[in-house]
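First the structure, in the form of C-alpha cells, and then the observations on it.
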Amino acid sequence: MEISSKEHTHFFSNNTIVPVDRSSFKSESSASKEKQSCCGGIKIFLGALSFVYFAKALSGSYLKSTITQIERRFDIPSSLVGVIDGSFEIGNLLIIILVSYFGAKLHRPRIIGAGCLIMSAGTFLIAMPQFFMGRYRYERFPSTINSTVSLSPCLQDKSQTPLSALEKFQAKINAGCEKEAGSSMWIYVLLGNLLRGIGETPIQPLGITYIDDYAVKENAALYIGCVQTAAIIGPIFGFLLGSLCAKLYVDFGFVDLDSVTISPKDVQWVGAWWLGYLIAGVISILAGIPFWFLPKHLPKPESRKDSSSSSEHSKFIIEENKEQCTSYWQQAKLAEMAKFLPSLKNLFGNPVYILYLCASIIQFNSLIGMVTYKPKYIEQQYGQTSSKTNFVIGLINIPAVAFGIFSGGLIMKKFGIGVLGAAKLSLGSSFFGYLLLLSLFAMGCENSEVAGLTVSYQGTKMMADYEEALFSECNSGCLCSQNDWDPICGENGVTYVSACLAGCQASNGSGKSTVFFNCSCVGTFESSQSSSAVVGPCQKGNECPKMFLYFLVISVITSYTLSVGGTPGYILLLRCIKPHLKSFALGIYTLAIRVLAGIPAPVYFGVAIDTTCLKWGSKRCGGRGACRLYDSSALRYVYLGLTLVLGTVSILFSVAVLWVLRKRSSPQDETLSANGERGACGTKSRKDHFVNSDQLIQSTYWPEKETRL
C-alpha cells in the first residue's frame, strides 16, 4: 500500500510514464464517471449561486429605491436614512473575518444556505413595522377627509366651529401621539438591514472559492462571469420592483383608496414600500434551499488534482501521513502569522497600491453617496414621482453601468493594454465622467413657487427668514399653525402651505375633489384673477420636463463613462502587487472601501442634503419630522457639488498613481500586455510577476461590483 501510494504521488508530481495495465482502464472509466458527476455538481452549484447573487442584488437595490418612502413613513431626516443604509456594511463587517477563516473549513454550501435564511429574516424584519405602526397618517385639514362637518379653513373664531368636531379631531391627534410616543419603528428597519449584511457575508467568499476549487480550470472564469451577470440583472429588477410598489398606496388593502386625498406626486405620498421586502425575502428563502442538499466536497477534476495550491484540503491526499500533515500545517500557520506584519509593511510600502487605495476610497464615497440619494434628487429637483424615478434608474442607468464594465474589459483585451495603459484608461474614464457631471449644474429646475417660502405673498422672490414669512396681512386674521403641511394650489399657479395660510374662508366637496373659495391671499397675488384653490401642490415650471430629459441623457452617458474605468482600475490593483500578497491586498482593499466609504458616505451626504430643507414636517407629538420642501438650487449645488469635489480629489490621486508608474516603467514595459509576466510596477525580481492559474481566474472577479451599481 505504501509503495502504491508513493508511485501514484510520484506519477502526479513528475509526470513520469508508467506501463499501462488493466488497472489503468478501470481508473480511466472511474475518472470519466467522476468527471461527469463533477460537472453536474458544479453546474447545479453555479445555478444556485447565480440565483443567490440575483436575490441579494435585488434586495440591495430595492432598499435604495425605497429611501424616500422610508423617510416619509417614519418621519425621519435624510441623515438618519443614511445610517440605516450604512448598517448593511456594518453587519457585513461584523463577521467577515470569522466567515472567511472558519467558513472554508466547514460545509460551505450549507453556510451559504444559512446566510440566505438570515438575509431573508432581515428582509422580513424591515417590512414588519408596517403591520405594527397602524395606518399612515398624512397632514390634511379635516374637511378634506370626507368629514360630515364642513369646517372653514381660516378659523377666525373657534366659536364658528362645533365644539364636538374640534374635540373629536384633537382627540384623534392625542390618541395618535400616545401610540407613537413610545415607538421608534425605524430601528427595526436598521436591525433588518444589519441582518441582511450578516446573511450576505458568506455568499461572496465561500461561493467563489467553491467554484474555483471544483470547476475545471478552463471553465472557472466563465462560471464566475455567469455569476456576475446574474448580479448585474438583480438591481434592474430591484428598481423595477420599487417602481411598481411605489405606485400602490402604503395601506392598500387596508383602507378605502377613494378616501385617500393625496396623489403619487405629493411629497407626503408613501407607496407600498413593505411589499417589495416581502417579495425579496421569499426570493432569498427560495435561493437558499438548493444549498442544503449540495455536498461539502465535489470530486476534483483530473486537471486540478496536480495543483498543490488550489485545493483547500490538499493536506488530506495521503491519509497515512495525516498526523505529519497536521503538524506541518500548524507550523505553517505559525510561520504565516509571523509573516503578517512584514506583509503589511510590504503592502503599505508600495506607493502605487496606497495611492490607488486612496483614490478608490474617495471615488467610492462620491459614487455611493450619489447613487444612494439619486432617487431623492430626481424627485425633488424635477418633480417626478417615486415610481417613475425608480423605473428610469432600473431600465436606463443600471444597464449603462453594466455595459460600461463590459466595455472596459473588452478594451483591455482588444488592445492588449498593459498596466500603464490601464492607469491611463481608468484616469481618463474618471476625468471625462466627472466632466460630464459638471454639465448637470445647468440642468436644474427653478424652485416651485410656494407662498411664504420661495416667493412672497405679493409674488416677489423670497427673503431670508422663512418661518416669519409664512404669515402675512392676508392671513393675519386666521388661527393658523406654521408647522402644518397641507398644500393647496391657487388658480394663480402658486402653492400655499395650507388652506388656512392661504386665507380661505370656505370649501366645497371632499377628498381629492375639495375646492377652496374666498382665499384672501390668492386674491392679493400680483397675477391673481380669482381667489379659489384646489387640494395638492402646483406643478413645477414648463421647462422642467425638458430639463429632466436632458438630465437623463447626460446621466446615462456619465454612468457608462465612469464604469468603463472600473475593470482597468481593478487590473491595475492586481498587477502592481506581488502574487503572494494578492489575497491580503484585496482583503485590505475591500475592508477599506466598506469602512471608509460604504458606511460614512450615505450619512454625511444625508446631513448635507438636510441643510437645504425649507420646510420640515412636524410629528404628532412634537419634534421635527421629514422634510416637505427643499430649496431646488441649494439641493443641486450640494448634491452635485459634493460628488464633484470628492471626484476631483480622487482624480488627483489617480494622477499621482500614473506619475509613479511612469517614473518606474521602462519603454518596453508599456508594450507588454496586461496578461504578461511583467508590468509597469517594477518589482525587484521577475519571478514575482508569474501568477498561477487560480490567481488569474480570481483576478477577473471584481468584489462588490453588483452592489455598486
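FYI, the numbering for the sequence shown is 1 to 709, going by the UniProt record's numbering. Beta carbons: idealized from backbone N, C-alpha and C, even for Gly.
Alpha-carbon to alpha-carbon, residue j and residue i
| i | j | result |
| --- | --- | --- |
| residue 618 | residue 83 | 21 Å |
| residue 610 | residue 646 | 19 Å |
| residue 493 | residue 50 | 52 Å |
| residue 126 | residue 383 | 28 Å |
| residue 344 | residue 134 | 53 Å |
| residue 694 | residue 206 | Note on residue 694: pLDDT 39, under 50, position unreliable in the model; no value is reported. |
| residue 581 | residue 293 | 35 Å |
| residue 266 | residue 232 | 32 Å |
| residue 628 | residue 616 | 6 Å |
| residue 100 | residue 559 | 32 Å |
| residue 626 | residue 218 | 54 Å |
| residue 583 | residue 596 | 20 Å |
| residue 70 | residue 605 | 17 Å |
| residue 122 | residue 624 | 28 Å |
| residue 450 | residue 489 | 9 Å |
| residue 248 | residue 255 | 12 Å |
Reference residue i; option with closest CA among the options
| i | options | result |
| --- | --- | --- |
| residue 246 | 277, 234 and 228 | 277 |
| residue 550 | 445, 486, 476 and 561 | 445 |
| residue 504 | 523, 510, 581 and 493 | 523 |
| residue 91 | 118, 425 and 65 | 118 |
| residue 288 | 510, 112 and 400 | 112 |
| residue 43 | 136, 122, 661 and 224 | 224 |
| residue 192 | 115, 573, 643 and 88 | 88 |
| residue 656 | 426, 63, 531 and 201 | 426 |
| residue 360 | 604, 664, 652 and 56 | 652 |
| residue 537 | 210, 187, 69 and 268 | 268 |
| residue 116 | 195, 285 and 70 | 285 |
| residue 130 | 57, 189 and 93 | 189 |
| residue 185 | 103, 388, 410 and 81 | 81 |
| residue 105 | 128, 201, 209 and 470 | 209 |
| residue 513 | 261, 198 and 400 | 261 |
| residue 642 | 658, 661, 660 and 607 | 607 |
| residue 388 | 403, 460, 244 and 415 | 244 |
| residue 349 | 52, 432, 68 and 576 | 576 |
Terminal residues of the alpha helix (DSSP H) in which residue i lies
| i | result |
| --- | --- |
| residue 186 | 186 to 200 |
| residue 546 | 544 to 564 |
| residue 517 | That residue, residue 517, is in no alpha helix (DSSP H); its beta strand (DSSP E) goes 515 to 519. |
| residue 381 | 374 to 382 |
| residue 390 | 386 to 392 |
| residue 535 | Element bounds for residue 535: not the alpha helix (DSSP H) but the beta strand (DSSP E), 533 to 535. |
| residue 484 | No alpha helix (DSSP H) contains residue 484, which DSSP labels as neither H nor E. |
| residue 725 | A question about residue 725 goes unanswered here, because the residues of the chain that appear run from 1 up to 709. |
Cβ neighbours of residue i in the same chain (closer than 8 Å, five flanking residues each side left out)
| i | result |
| --- | --- |
| residue 648 | 434 |
| residue 258 | 511 |
| residue 635 | 377, 380, 381, 609 and 612 |
| residue 552 | 392 and 396 |
| residue 211 | 42, 45, 46, 49, 220, 223, 224 and 227 |
| residue 58 | 234, 235, 237, 238, 241, 280 and 283 |
| residue 145 | Model confidence at residue 145 stands at a pLDDT of 49, short of 50, so the residue's coordinates are unreliable; what they give is reported in the following sentence. Answer for residue 145: 259, 261, 510 and 511, listed in chain order. |
The beta strand (DSSP E) enclosing residue i, as first and last residue numbers
| i | result |
| --- | --- |
| residue 664 | From DSSP, residue 664 is part of no beta strand (DSSP E) but of the alpha helix (DSSP H) over 632 to 664. |
| residue 489 | 488 to 490 |
| residue 618 | 613 to 618 |
| residue 621 | No beta strand (DSSP E) holds residue 621; DSSP gives it neither H nor E. |
| residue 508 | 504 to 508 |
Residues of its chain near residue i, where Cβ-Cβ distance is below 7 Å and the 5 sequence neighbours each way are ignored
| i | result |
| --- | --- |
| residue 474 | 457, 503, 520, 521 and 524 |
| residue 599 | 86, 89 and 90 |
| residue 639 | 373, 377 and 609 |
| residue 74 | 185 and 186 |
| residue 110 | 291 and 292 |
| residue 544 | 382, 383 and 445 |
CB-CB length for residue i against residue j, believed under 8 Å
| i | j | result |
| --- | --- | --- |
| residue 242 | residue 124 | Residue 242 to residue 124, Cβ: 17 Å. No contact. |
| residue 586 | residue 422 | Incorrect: roughly 16 Å between the Cβ atoms, too far for contact. |
| residue 567 | residue 417 | The Cβ separation is near 10 Å, so there is no contact. |
| residue 650 | residue 362 | 4 Å |
| residue 95 | residue 347 | Not quite, the Cβ-Cβ distance comes to about 24 Å (not below 8 Å), so this is no contact. |
| residue 273 | residue 590 | Not really, about 30 Å apart at Cβ, beyond 8 Å. |
| residue 430 | residue 565 | 6 Å |
| residue 300 | residue 214 | 7 Å |
| residue 515 | residue 534 | 6 Å |
| residue 554 | residue 440 | 6 Å |
Short CB-CB distance (under 8 Å) between residue i and chain D
| i | result |
| --- | --- |
| residue 564 | Protein chain content of the structure displayed is limited to a single chain, and chain D is not contained in it. |
Neighbourhood of residue i by C-beta distance below 6 Å, restricted to the same chain and skipping five residues each side
| i | result |
| --- | --- |
| residue 517 | 506 and 532 |
| residue 270 | 69, 72, 73, 136 and 250 |
| residue 710 | What the structure shows of the chain is the stretch from 1 to 709, and residue 710 is not part of that stretch, so it cannot be assessed. |
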